[in-house]
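K.L.:
Below are the C-alpha cells for one structure; questions will follow.
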Amino acid sequence: MPSNVSASRLEFLTANRKMTPAGTINPAFLERLRRRDPEALAEAVHDHARPLIRAARALGFAEHDAEDLVQDVFTTFLEKLETFEGRSQVRTWLFGILHRKAMERRRASIKDDRMDPIDEVFESRFDADGNWTRPPADLERLLLSKEIGEMIRGCMGGLPVNQREVFVLREVEGLDTVEICKILEVSVTNFGVLMHRARARLRECLESKGWSKP
Amino acid sequence: MISCKNVAKLLMSDELQAQTWWKRVEVRLHLAMCKFCSRLARQVEQLRSGVRKMSEQDEADPNLEERLIRRLSGK
Numbered sequence: 004m005p006s007n008v009s010a011s012r013l014e015f016l017t018a019n020r021k022m023t024p025a026g027t028i029n030p031a032f033l034e035r036l037r038r039r040d041p042e043a044l045a046e047a048v049h050d051h052a053r054p055l056i057r058a059a060r061a062l063g064f065a066e067h068d069a070e071d072l073v074q075d076v077f078t079t080f081l082e083k084l085e086t087f088e089g090r091s092q093v094r095t096w097l098f099g100i101l102h103r104k105a106m107e108r109r110r111a112s113i114k115d116d117r118m119d120p121i122d123e124v125f126e127s128r129f130d131a132d133g134n135w136t137r138p139p140a141d142l143e144r145l146l147l148s149k150e151i152g153e154m155i156r157g158c159m160g161g162l163p164v165n166q167r168e169v170f171v172l173r174e175v176e177g178l179d180t181v182e183i184c185k186i187l188e189v190s191v192t193n194f195g196v197l198m199h200r201a202r203a204r205l206r207e208c209l210e211s212k213g214w215s216k217p
Numbered sequence: 006m007i008s009c010k011n012v013a014k015l016l017m018s019d020e021l022q023a024q025t026w027w028k029r030v031e032v033r034l035h036l037a038m039c040k041f042c043s044r045l046a047r048q049v050e051q052l053r054s055g056v057r058k059m060s061e062q063d064e065a066d067p068n069l070e071e072r073l074i075r076r077l078s079g080k
C-alpha cells in the first residue's frame, strides 16, 4: 500500500544529519589550563558544564547530584591535565570522565550484552521474510503531546545504562558516532546495536502506555 | 527489494548514513511505499525531539557556571 508520506518528508532520513563536531584543542589553551589560569578554567566551564549537566540529568541524576557529579568531573579533569596529551578533544575527554564517574556512582557495570530480550521483541514483529506481522502502533498523539518529555523520562529509567548513554549523547548532545565510541570505549558495531536497542525499548515502552490510536 | 525488517534495523541503529548510495536510495523508495516503515521513521525523529524536550525541562539554573568556577578555584 503506497504511503501518503512524500519523498521530501523523508529527506531527513537519508540526508546527512548535522552532528555537533568536536572542537579542536588549542595547545596554548591547554597550557593555560595546566597553569591553572582562572580565565582558561572559566572558559572550559562555560563551554562544557551545561552539556555535561544536561547529560547527567538525562542519565537519571537528580539536579543536585548532577551538579556534584559535574564538579567531580572537572576536578578529575584538572588533576589529570598533566597526562592529557591533546590527542582527543576536551569535550570527548570530559564526557569520558563523566561516563566513568556515572558508572562508579551507580555501581553499574556493563553487563554481557550479547543477548538482550528486546532483540526478541523486535524480531517477533516480523515474519520469516522480514515483513511486519505486528507493525508499529500509531503513536502520533503521544509523541506530539505536551507530556512526551515526562513520558520519555519514565521510559528512560528502564534502559540499561550503556543504551541510555548512547541515546543521550547522540539524540540530546548530537555527537557523532566516532566521538561517542571514544567516550564510551565501544566499537562502531556495538554503537549500532546499543542505539537500536535503546530506540526499540523506548518505542515499546511508549507503545505500552496505550496512547496509540485505536 | 529490501525487507521491512532490514529497513527498521537501519533506521533504529542509525546506520543508514554508513550505507552505499544505492542502499540509501533503496531505503528511500521503500519508505515512500511502506506505511509502517515510514511511520517508524517518523517515530525515530519524534523520539529525538521528545528526549530533547525532556532535557529542556532539566535546564540548569543560570548561576551554574559561576558556582562551579568558585568551587573549583577554591580547591
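First to last, the protein sequences are chains W and C.
Residue 4 is where the first sequence starts when you use this note's numbering, and the numbers rise one by one after that.
Residue 6 is where the second sequence starts when you use this note's numbering, and the numbers rise one by one after that.
C-beta: ideal position from N, C-alpha, C; glycine also.
From a predicted model like this one, the values you see are computed outputs, not experimental measurements.
Hey, quick one: how far does the alpha helix (DSSP H) through residue 131 of chain W stretch, first residue to last?
P.N.:
Within the first sequence, the letter at position 128 stands for residue 131 of chain W. Counting along the chain, residue 131 of chain W falls outside any alpha helix (DSSP H), and DSSP gives it neither H nor E.
K.L.:
Using 9 Å as the limit for Cβ to Cβ distance, is residue 178 of chain W near chain C?
P.N.:
The residue you call residue 178 of chain W lines up with position 175 of the first sequence. It does not; no Cβ of chain C falls within 9 Å.
K.L.:
Once you ignore the five residues that flank residue 52 of chain W on each side, which residues in its own chain have a CB closer than 8 Å to its CB?
P.N.:
By one-based count along the first sequence, residue 52 of chain W stands at place 49. Excluding residues within five positions, the ones whose Cβ falls inside 8 Å are 73, 77.
K.L.:
Is it true that the CB of residue 105 of chain W sits closer than 9 Å to the CB of residue 252 of chain W?
P.N.:
The structure shown does not extend to residue 252 of chain W, since chain W is modelled only from 4 through 217, so no value can be given for it.
K.L.:
Report all residues from its chain with a CB closer than 7 Å to the CB of residue 131 of chain W; omit the five preceding and five following residues, and keep chain order.
P.N.:
On the first sequence, residue 131 of chain W is found 128 positions in, with the first residue counted as 1. So the list is empty, once near-sequence residues are dropped.
K.L.:
Give me the Cα-Cα distance between residue 181 of chain W and residue 79 of chain C, rounded to the nearest whole angstrom.
P.N.:
On the first sequence, position 178 is the one that residue 181 of chain W refers to. On the second sequence, position 74 is the one that residue 79 of chain C refers to. Whole-angstrom Cα-Cα distance: 36 Å.
K.L.:
Going along chain C in order, which residues have a C-beta closer than 7 Å to the C-beta of residue 135 of chain W?
P.N.:
By 1-based counting over the first sequence, the position of residue 135 of chain W is 132. Those are 9, 41, listed as they occur along chain C.
K.L.:
Grab the span of the alpha helix (DSSP H) containing residue 48 of chain C for me, first residue to last.
P.N.:
Along the second sequence, one-based indexing puts residue 48 of chain C at 43. Unbroken alpha helix (DSSP H) run through residue 48 of chain C: 40–61.
K.L.:
Quick check on the DSSP output: the alpha helix (DSSP H) that includes residue 212 of chain W runs from which residue to which?
P.N.:
If you number the first sequence from 1, residue 212 of chain W lands on position 209. It is not in any alpha helix (DSSP H) - residue 212 of chain W carries neither H nor E in the DSSP assignment.
K.L.:
Could you name the residues of chain C that residue 173 of chain W contacts, counting a contact when the two beta carbons are closer than 8 Å?
P.N.:
The sequence position of residue 173 of chain W within the first sequence is 170, counting from 1. Residues of chain C passing the Cβ test: 19.
K.L.:
How many whole angstroms separate the CB atoms of residue 18 of chain C and residue 199 of chain W, which I take to be in contact at a CB cut-off of 8 Å?
P.N.:
On the second sequence, position 13 is the one that residue 18 of chain C refers to. On the first sequence, position 196 is the one that residue 199 of chain W refers to. 4 Å between Cβ atoms; contact.
K.L.:
Using the beta-carbon of each residue, which ones in chain C are nearer than 9 Å to residue 62 of chain W?
P.N.:
The residue labelled residue 62 of chain W in the question sits at position 59 within the first sequence. Under the 9 Å cutoff, chain C gives no residues; its nearest Cβ is about 11 Å from residue 62 of chain W.
K.L.:
Just by C-beta distance, which residues in the stretch 185–202 of chain W are closer than 9 Å to chain C?
P.N.:
Answer in chain order: 191, 194, 195, 196, 197, 198, 199, 200, 201, 202.
K.L.:
Could you give the DSSP three-state label for residue 178 of chain W: helix, strand or coil?
P.N.:
Within the first sequence, numbered from 1, the residue matching residue 178 of chain W stands at position 175. Residue state, collapsed to three classes: strand.
K.L.:
Quick one: is residue 30 of chain C buried, meaning 16 or more other Cβ sit within 10 Å of its Cβ, or exposed?
P.N.:
Working through the second sequence from its first residue, we reach residue 30 of chain C at position 25. Counting Cβ neighbours within 10 Å, residue 30 of chain C comes out exposed, since fewer than 16 surround it.
K.L.:
Please list, in chain order, the residues of the stretch 37–64 of chain C that have any C-beta partner in chain W closer than 7 Å.
P.N.:
Residues 37, 38, 39, 40, 41, 43, 44, 45, 46, 48, 49, 50, 51, 52, 53, 55, 56, 57, 58, 59, 60, 62, 63.
K.L.:
Cβ closer than 8 Å: which chain B residues qualify as neighbours of residue 31 of chain C?
P.N.:
Looking for chain B here will not work: the only protein chains present are W and C.
K.L.:
For residue 128 of chain C, count neighbouring C-beta atoms within 10 Å of its own C-beta (all shown protein chains included) and say buried if the count is 16 or more, exposed if not.
P.N.:
The question about residue 128 of chain C has no answer here: the residues shown for chain C are numbered 6 through 80.
K.L.:
In angstroms with no decimal places, state the Cα-to-Cα distance between residue 36 of chain C and residue 157 of chain W.
P.N.:
As a first step, residue 36 of chain C is located in the second sequence; it is residue number 31 there, counting from the start. As a first step, residue 157 of chain W is located in the first sequence; it is residue number 154 there, counting from the start. Approximately 30 Å between the Cα atoms of the pair.
K.L.:
Helix, strand or coil: which one does DSSP assign to residue 66 of chain C?
P.N.:
In the second sequence, counting from the first residue as 1, residue 66 of chain C sits at position 61. Note: residue 66 of chain C maps to coil in three-state DSSP.
K.L.:
Can you tell me the Cα-Cα spacing of residue 61 of chain W and residue 35 of chain W, whole angstroms?
P.N.:
Start at 1 with the first residue of the first sequence, and residue 61 of chain W comes out as number 58. Start at 1 with the first residue of the first sequence, and residue 35 of chain W comes out as number 32. Cα to Cα, the separation comes out at about 32 Å.
K.L.:
Between which residues of its own chain and residue 171 of chain W is the CB-CB distance below 8 Å, once the five residues before and five after are set aside?
P.N.:
Here residue 171 of chain W refers to the residue found at position 168 of the first sequence. Contacts found: 58, 61, 62.
K.L.:
By alpha-carbon positions, which one of W:137, W:47, W:32 ends up nearest to residue 40 of chain C?
P.N.:
Working through the second sequence from its first residue, we reach residue 40 of chain C at position 35. Comparing Cα positions, the closest option is W:137.
K.L.:
Taking the alpha helix (DSSP H) that residue 100 of chain W falls in, what are its first and last residues?
P.N.:
For the purposes of this step, residue 100 of chain W is taken as the residue at position 97 of the first sequence. Note, residue 100 of chain W: alpha helix (DSSP H), 93–108.
K.L.:
If you reduce the DSSP assignment to three classes, tell me which class residue 83 of chain W lands in.
P.N.:
Position 80 of the first sequence, counted from the start, is the residue given in the question as residue 83 of chain W. Coil at residue 83 of chain W, not helix or strand.
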